[in-house]
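Enquirer:
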Amino acid sequence: MSQTRRSFLKAISVASLTAISPKNSHATPKNVLSDDRFGVLVDTTVCIGCRQCEYACKVEHGMEAGNLDDYQDRSVFKTMRRPDHTALTVVNAYKSENPEQQETTVKVQCMHCDHPACVSACIVGAFTKQENGAVIWDESRCIGCRYCMVACPFQVPAFEYHKAIEPRILKCDFCYEKRTSKGKMPACVEMCPTEALTFGKRYELIQVAHERIRKQPERYIDHLFGEHEVGGTSWLYLAGQDFLKLDFPDVGTDPAPGATEPIQHAIFKFFVPPVALYALLGGIMWLGKQTREEEE
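The opening position of the sequence shown corresponds to residue 36 in my numbering, with each subsequent residue numbered one higher.
1. Classify Gly228: buried if its beta carbon has 16 or more other beta carbons within 10 angstroms, exposed otherwise.
2. Thinking C-beta only, is Tyr211 closer than 8 Å to Gln165?
3. Tell me the DSSP bridge mates of Gly235?
4. With a 10 Å radius around its C-beta and 16 neighbouring C-beta atoms as the bar for buried, classify Glu264 as buried or exposed.
5. Under a three-way DSSP split, which group does Ala128 fall into?
6. Report all residues from its chain with a CB closer than 6 Å to the CB of Arg86; omit the five preceding and five following residues, and keep chain order.
7. Among residues of its own chain, excluding the 5 on either side of Phe278, which ones have a beta-carbon nearer than 6 Å to its beta-carbon?
8. Judging by CA-CA distance, which residue of Val191, Thr121, Leu273, Glu201 is the nearest neighbour of Met98?
9. Give me, in chain order, the residues of the same chain whose beta-carbon lies closer than 6 Å to that of Gln276; leave out the 5 immediate sequence neighbours on both sides.
10. To the nearest angstrom, report how far apart Arg333 and Phe162 are at their CA atoms.
11. So which of Thr139, Phe194, Gly74 has the shortest CA-CA distance to Ile241?
12. Report the residue ranges of all alpha helix (DSSP H) runs contained in full by the stretch 186-253; include only those spanning at least 4 residues, in chain order.
13. Report the three-state DSSP secondary structure of Glu138 (helix, strand or coil).
14. Can we say the stretch 143-150 touches the stretch 186-199, given the rule of at least three CB pairs closer than 8 Å?
15. Alpha carbon to alpha carbon, what distance is there between Leu232 and Gln251?
16. Asn167: which of His197, Glu253, Val141, Ser269 sits nearest, CA to CA?
17. Can you tell me which residues form a DSSP beta bridge with Val170?
18. Considering Cα atoms alone, identify which of Phe209, Arg249, Tyr238 is closest to Val170.
19. Between Asp119 and Phe194, what straight-line distance do the alpha-carbon atoms span, to the nearest angstrom?
20. Are Cys18 and Gln144 close, meaning C-beta to C-beta below 8 Å?
21. Can you tell which of Tyr272, Gly267, Asp282 has the C-alpha that lies nearest to the C-alpha of Pro333?
The structure is reproduced here in structure tokens:
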């Protein structure tokens, strides 16, 4: 065996062992939660479905937004929509059980869970939970495995399947960089004309929500969605009817990482991660080529 081939094999072995060592097998970065972390209270009984939040979000994130007048088109409510690579938040409409409302409109986006399944599932730490409540994604770390999409109990992260080169994972980032990291409200909250969205400290929003329920029991069901669901979320919802009828998932109160994290840690503790496998396969192909050239 030549000195070049011997050195290459040694390098491959070291890289593979490093990649599968226990200290590199952890899937979840430390989850830091501040008692003063922010949240948004969504009062679906006040929302009028103007969709101005959709427009504001697109403008804030440099996405194709069109004209504000375009959002007066209510034909989009004929089908249920989900956030995707073209819109980080959407509004859907449902038949209302409240005689004072013709329909109930609900804003949908990342819930920014207190214990995010996407953070737990991400094997490279591309997703992180910030101290102020935001769950954000780091493009420079992402390897495109899309485990976050599978893990999310709210089915929010979207992948740019139409991009062959450098596709991104897209979701609401709580306007972290330009706004909430500086204590400013998200663009959608600022744009809302009816104050259906209230930005503030999460614990204060919970108090506000329960006070509204107490004062107007005929208007609201006695349930604040997000207070306890999957261990708590930064986005909280009030409604006048059962949340299941508004397409909210029945996710329970246990943090989602309780199911995803043990699986991820077991996989990457006892099996070779993809990066090490690709390195090994690449090394075998390189050695084969070198052998053929030497024989020639």
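Glycine included, every Cβ here is placed at the ideal spot set by N, Cα and C.
Expert: In brief:
1. Gly is not the amino acid found at residue 228; the sequence shown has Pro there. When all chains shown are included, Pro228 counts as exposed.
2. yes
3. Gly74
4. buried
5. strand
6. Tyr106, Val126
7. Phe260
8. Thr121
9. Glu132
10. Residue 333 lies beyond the range of the chain shown here (36 to 331); nothing can be said about it.
11. Gly74
12. 222-226, 237-250
13. strand
14. yes
15. 18 Å
16. Ser269
17. Lys164
18. Phe209
19. 8 Å
20. A question about residue 18 goes unanswered here, because the residues of the chain that appear run from 36 up to 331.
21. The first residue shown for the chain is 36 and the last is 331, placing residue 333 beyond what the model contains.
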